[in-house]
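*Asks:* Residue numbers (my numbering), protein chains in the order written: chain E, 104 to 435; chain U, 104 to 435.
Protein chains: 2
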Amino acid sequence: MSVTLKEVAALAGVSRSAVSRTFTEGASVSAKTRRKVEKAALELGYSPNALASSLTTGRTKLIGLISNNFHNPIFLEVFDQFTRALQERGLRPLIVNLTDETEPSNSVRMLRQYSVDAVIVASSTLPPSFAKAFHDAGVPVVHTFGRSATSPEVHVVGIDNVECGRMAARELLSRGYRSVGYLGGPQNATSAQDRYRGFTEELGQHTDIAVAHCFSEAYSFEAGRAKMLDLLKGSPAEAYFCGDDILSIGALSALSDHGLTPGKDIGIIGLNDMEMSRWESVDLTTIHQPIKQIITSSVDLVEEMLKEPQRYPEARIFPCRVIERGTLRPRP
Amino acid sequence: MSVTLKEVAALAGVSRSAVSRTFTEGASVSAKTRRKVEKAALELGYSPNALASSLTTGRTKLIGLISNNFHNPIFLEVFDQFTRALQERGLRPLIVNLTDETEPSNSVRMLRQYSVDAVIVASSTLPPSFAKAFHDAGVPVVHTFGRSATSPEVHVVGIDNVECGRMAARELLSRGYRSVGYLGGPQNATSAQDRYRGFTEELGQHTDIAVAHCFSEAYSFEAGRAKMLDLLKGSPAEAYFCGDDILSIGALSALSDHGLTPGKDIGIIGLNDMEMSRWESVDLTTIHQPIKQIITSSVDLVEEMLKEPQRYPEARIFPCRVIERGTLRPRP
DNA sequence: TTTTCGATTGCAACCGATTGCAAATCTTTT
DNA sequence: AAAAGATTTGCAATCGGTTGCAATCGAAAA
């Protein structure tokens with residue numbers, strides 16, 4: 104079907120090595136043979152078989168990109184960034200959509216079968232042990248949006264979720280709210296746990312403030328909406344820190360059902376600052392997570408691990424900041 | 104680094120062929136040797152190198168999944184479905200994010216270098232010639248969301264966009280609107296063109312109805328919002344058919360800026376029926392596009408092409424239907 | 001017990017590349 | 001013009017598997 108090295112060599116009247124060398128950076132070929140080879144290659148429409156060469160070089164440039172987060176719109180941005188960043192560096196993303204049905208260990212095996220050079224785990228709702236499984240299998244791995252404290256063996260890129268919880272708490276305090284709540288993501292997500300911890304730790308110093316909390320089923324609109332509808336059945340707090348913008352937007356929808364105006368009747372602060380939060384109709388006050396920097400850095404790290412596989416693991420943590428919009432009441 | 108066939112053979116005390124055969128479906132191996140091999144493989148943690156075997160078998164199970172649509176939230180649903188459907192069949196998605204900077208021909212070359220078994224082009228904003236480039240290069244290709252009329256050589260799966268335009272027109276007529284408009288996607292998208300054609304053809308029979316149209320810059324919230332803000336500067340129509348839900352949602356945001364209530368002051372009907380359209384705060388009347396069926400069918404088709412590469416091209420068209428929600432006024 | 005025949009097995013070539021090494025070629029230097 | 005040194009080149013082995021073919025095995029048939 105496709106043209107091979109051998110045919111090009113035959114047409115150009117040189118050895119197969121010569122052809123191989125003209126297509127590998129920095130190999131020793133004279134200008135003359137290179138010209139001959141390039142002419143023949145062009146004529147036949149040859150381009151080297153990346154997989155065949157991976158056999159001898161041991162490099163496929165394939166990077167496993169694993170996530171289980173296909174219901175939070177922020178992840179469209181995440182995939183956009185990841186695929187671009189990888190492509191720009193000549194790496195190819197091999198996607199794994201980890202659903203509840205798929206056995207995680209299968210994906211480890213599968214990615215090894217395809218000899219991926221490295222793996223990026225993009226999720227905070229997967230257990231640290233998952234990323235570690237790749238490390239144990241000898242595959243370089245970066246856990247983006249992971250938690251460093253419980254994954255000392257693995258490279259982690261993300262934010263300080265505890266600090267974000269604190270930041271949200273301080274922001275609510277500065278607005279003079281007297282009773283506040285945390286509406287978090289799924290309880291097994293490290294991000295949800297850490298944000299909770301920071302939030303309550305910060306508020307622990309203020310004994311006059313009432314603090315409530317709950318965890319939703321997932322990082323999704325529906326889950327956020329359902330949880331807020333629940334809360335509205337009882338006596339809700341004056342303001343909520345939602346553990347993700349999509350939860351916030353679900354919560355906002357619930358508020359609107361009850362005829363409540365966010366920022367006036369009930370305060371909401373989210374986390375992520377996704378595109379949708381900027382929409383005029385949403386106008387969500389939120390904590391900006393620097394997605395782009397996180398992803399660029401993750402891919403940088405992947406590249407560096409390719410050069411130096413035994414690299415000592417590190418955590419790259421990016422600071423977040425509050426973006427003020429319309430869903431919290433003004434400072435007193 | 105990783106365990107090879109040879110080592111397993113050595114440990115099991117059999118030939119390399121025997122090992123290979125125990126791992127290939129339907130090969131001739133006795134129960135006894137199979138047992139020995141499996142024991143040795145387990146002990147060493149062996150799993151076959153998919154890429155090495157692809158060299159001789161000519162099959163990689165890699166499927167190129169190409170899109171340029173990373174800003175329309177519906178595509179998160181699309182990627183979710185595609186990746187799952189492919190995984191379920193043991194196929195691996197190799198993603199290509201086609202941005203404006205990337206030369207399309209590069210992606211053709213790249214996917215050939217990785218010997219993908221087939222390619223799925225998932226976009227209506229790419230020219231038919233793009234999908235054809237793969238066909239010409241001898242790579243089986245399915246154009247999902249493509250247009251069959253101008254791509255007779257290529258398999259197409261999608262909807263009848265002209266008919267959708269008609270459907271939207273009929274729906275608006277049935278609500279008694281006397282002046283209507285089409286707010287379409289980018290003019291170079293075949294979907295935008297076809298929807299426009301159906302819409303105006305249907306309305307051509309009603310000379311008493313005023314018809315306007317425009318095309319937006321992209322299938323995105325911002326583009327829809329910007330276009331509707333423009334329209335509101337002049338004298339807008341009574342109702343609009345927006346060529347995609349995300350355009351509709353952008354348009355709704357513009358209406359709300361002007362204090363206009365959708366369904367009351369101005370009617371909006373979208374197309375896609377994405378998750379967000381069901382949100383109570385959006386409540387968009389729209390034409391449902393059966394994404395799940397389209398994608399399942401696309402992947403089915405891919406599988407069939409793997410068996411029969413020279414398969415005669417076909418177009419698989421799925422019917423759409425109007426989903427009534429709150430952004431059109433009631434029938435008179 | 002020998003013959004026959006189908007099932008199993010191993011040999012060796014091959015898939016499409018890369019690469020160490022020694023031979024061949026081209027430049028310089030003397 | 002010959003020797004020394006620097007480049008290029010091709011041979012052949014290798015990467016991790018698959019597979020056609022001939023040899024071997026085992027069990028049923030004679």
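Glycine is no exception: its CB is placed at the ideal position from the N, C-alpha and C atoms.
At 4 residues or longer, what runs of the alpha helix (DSSP H) sit wholly inside the segment 302-340 of chain E?
*Replies:* 324-336
*Asks:* Could I get the ranges of all uninterrupted alpha helix (DSSP H) runs contained in the segment 233-292 of chain E, with 4 residues as the minimum, in chain order?
*Replies:* Listed in chain order, the complete alpha helix (DSSP H) runs (minimum 4 residues) inside the segment 233-292 of chain E are 264-277.
*Asks:* Between which residues of its own chain and E:Ala144 is the CB-CB distance below 6 angstroms, once the five residues before and five after are set aside?
*Replies:* Val111
*Asks:* Straight-line CA distance for E:Val405 to E:Arg187?
*Replies:* 14 angstroms
*Asks:* Does the CB of E:Thr202 have a neighbour CB from chain U at under 8 angstroms?
*Replies:* yes
*Asks:* Would you report the Cα separation of E:Tyr149 and U:Val219, rounded to the nearest angstrom?
*Replies:* One C-alpha to the other measures close to 16 angstroms.
*Asks:* Indicate whether at least one CB of chain E lies closer than 8 angstroms to the CB of U:Ser384.
*Replies:* yes
*Asks:* The segment 204-223 of chain U: which residues have C-beta closer than 8 angstroms to a C-beta of chain E, in chain order?
*Replies:* Under the 8 angstroms Cβ criterion, the segment 204-223 of chain U contributes Thr205, Arg212, Met213, Arg215, Gln216, Tyr217 and Ser218.
*Asks:* In whole angstroms, what separates the C-alpha of U:Ser338 from that of U:Arg281?
*Replies:* 14 angstroms
*Asks:* Excluding sequence positions up to five away, which residues of its chain have a Cβ less than 8 angstroms from the Cβ of U:Pro433?
*Replies:* Arg278
*Asks:* Under a CB-based cut-off of 8 angstroms, is E:Phe178 close to chain U?
*Replies:* yes
*Asks:* Indicate whether at least one CB of chain U lies closer than 8 angstroms to the CB of E:Ile198.
*Replies:* With its beta carbon less than 8 angstroms from one in chain U, E:Ile198 belongs to the interface.
*Asks:* Just by C-beta distance, which residues in the segment 125-158 of chain U are closer than 7 angstroms to chain E?
*Replies:* Cβ contacts with chain E: Ser150, Pro151, Asn152, Ala153, Leu154, Ala155, Ser157 and Leu158.
*Asks:* Taking 8 angstroms as the limit between beta carbons, can you name the residues of its chain near U:Gly268, skipping five residues before and five after?
*Replies:* Tyr285, Asp297, Arg298, Tyr299, Arg300, Gly301, Phe302, Thr303, Glu304, Glu305 and Phe344
*Asks:* Please go through the same chain and pick out, in chain order, the residues whose beta-carbon is closer than 8 angstroms to the beta-carbon of U:Ala121, but skip the five residues on each side of it.
*Replies:* Within the same chain, Cβ atoms closer than 8 angstroms to the Cβ of U:Ala121 are found at Ala112, Ala115, Val132, Thr136 and Val140, the five residues on either side in sequence being excluded.
*Asks:* Once DSSP output is grouped into helix, strand and coil, what is the label at E:Leu108?
*Replies:* Helix, per DSSP.
*Asks:* Take E:Tyr334 as the anchor and find which of E:Leu147, E:Leu194 and E:Cys317 has the nearest alpha-carbon.
*Replies:* It should be pointed out that residue 334 of chain E corresponds to Leu in this sequence rather than to Tyr. The option with the nearest alpha carbon to E:Leu334 is E:Cys317.
*Asks:* Compute the Euclidean distance between the alpha carbons of U:Asn171 and E:Phe126, then round it to the nearest angstrom.
*Replies:* 29 angstroms
*Asks:* Please state whether DSSP places U:Glu346 in a helix, a strand or coil.
*Replies:* Checking the sequence shown, residue 346 of chain U turns out to be Gly, not Glu. It is coil, neither helix nor strand.
*Asks:* What I want to know is whether the C-beta of U:Arg187 ends up closer than 7 angstroms to one or more non-hydrogen atoms of the ligand ZN.
*Replies:* Absent from the structure shown: the ligand ZN. Ligands present: none.
*Asks:* Mind pulling the chain E residues with CB within less than 7 angstroms of U:Arg195?
*Replies:* Leu197 and Tyr217
*Asks:* Taking three-plus beta-carbon pairs below 8 angstroms as touching, is the segment 377-393 of chain E in contact with the segment 287-296 of chain E?
*Replies:* no
*Asks:* Can you find a CB in chain U that lies within less than 8 angstroms of the CB of E:Asp376?
*Replies:* no
*Asks:* In whole angstroms, give me the CA-to-CA distance for E:Ala234 and E:Ser227.
*Replies:* 11 angstroms
*Asks:* Starting from the Cα of E:Phe185, find the closest Cα among U:Glu128, U:Leu201, U:Ala326 and U:Ala342 and give me that residue.
*Replies:* U:Leu201
*Asks:* Determine the DSSP secondary structure at U:Pro90, reduced to helix, strand or coil.
*Replies:* As displayed, chain U neither begins before 104 nor continues past 435, which places residue 90 of chain U out of reach and without an answer.
*Asks:* Could you check what DSSP says for U:Leu194 in three-state terms: helix, strand or coil?
*Replies:* coil
*Asks:* Could you have a look at E:Leu214 and say whether DSSP puts it in helix, strand or coil?
*Replies:* Helix at E:Leu214.
*Asks:* Counting only beta-carbon atoms, is U:Phe324 nearer than 8 angstroms to chain E?
*Replies:* yes
*Asks:* Taking the C-alpha atoms as reference points, what is the distance between E:Met270 and E:Gly327?
*Replies:* 21 angstroms
*Asks:* How many whole angstroms separate the CB atoms of U:Ile371 and U:Ala354, which I take to be in contact at a CB cut-off of 8 angstroms?
*Replies:* Indeed, because the Cβ distance is near 6 angstroms, the residues count as touching under 8 angstroms.
*Asks:* Kindly give me the distance between the Cβ atoms of E:Val283 and E:Ala357, rounded to whole angstroms, as I take these residues to be in contact under 8 angstroms.
*Replies:* At roughly 17 angstroms, the Cβ-Cβ gap does not stay under 8 angstroms, so E:Val283 and E:Ala357 are not in contact.
*Asks:* Since E:Arg187 meets chain U, which of its residues come closer than 7 angstroms, beta carbon to beta carbon?
*Replies:* Asn200 and Thr202
*Asks:* So for U:Leu474, helix, strand or coil by DSSP?
*Replies:* A query on residue 474 of chain U cannot be resolved here, the shown segment of chain U reaching from 104 to 435 and no further.
*Asks:* Rounded to whole angstroms, how far is the Cβ of U:Pro243 from the Cβ of U:Ala221, which I believe are closer than 8 angstroms?
*Replies:* Their Cβ separation, rounded to whole angstroms, is 4 angstroms, which keeps U:Pro243 and U:Ala221 in contact under 8 angstroms.
*Asks:* Under a CB-based cut-off of 8 angstroms, is E:Asp360 close to chain U?
*Replies:* yes
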